[in-house]
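No gaps in the numbering here: position 82 of the sequence shown is 220 in this note's numbering, and each next residue is one more.
Glycine included, every Cβ here is placed at the ideal spot set by N, Cα and C.
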Amino acid sequence: VDEVAALSQAEHTVIEEKLCPVRLILAKVCKLAYKTVYSTMKLLPAWTACLEELGLPVRIIPCGVCTRWNLTHDLLSFVLVHC
Numbered sequence: 139v140d141e142v143a144a145l146s147q148a149e150h151t152v153i154e155e156k157l158c159p160v161r162l163i164l165a166k167v168c169k170l171a172y173k174t175v176y177s178t179m180k181l182l183p184a185w186t187a188c189l190e191e192l193g194l195p196v197r198i199i200p201c202g203v204c205t206r207w208n209l210t211h212d213l214l215s216f217v218l219v220h221c
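This is the structure:
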């Protein structure tokens, strides 16, 4: 069921305005994940050192793969635990 289709134009505009910051943050996290995973010389060692310094388990940020349909959930869960 598409609940967004049942909304009025004003309600749709309000929801879009409220979701804009979330989309921007998610885009930044996706860019950070991509750069960290594929920059093995600088960012990956710095990321690992930062997690070790904070006493957190060393894990790689989930990065986008075509077959990962729940990547957004995985990214948000990872950010909530590690940031």
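Whole-Å CB distance - residue i paired with residue j, under 8 Å assumed
i    : j    : result
L213 : L164 : 7 Å
For residue i, three-class secondary structure by DSSP
i    : result
S177 : coil
C188 : helix
P200 : coil
L281 : Because residue 281 is not part of the residues shown, which for the chain are 139 to 221, the question remains open.
L182 : helix
First and last residue of the uninterrupted alpha helix (DSSP H) at residue i
i    : result
V219 : 209–220
CB contact flag (residue i, residue j, <8 Å)
i    : j    : result
H211 : L194 : no
For the stretch 140–148 against the stretch 177–193, are there 3 or more C-beta pairs whose distance is under 8 Å?
no
Is it true that the stretch 193–201 meets the stretch 145–156, where meeting means three or more beta-carbon pairs spaced less than 8 Å apart?
no
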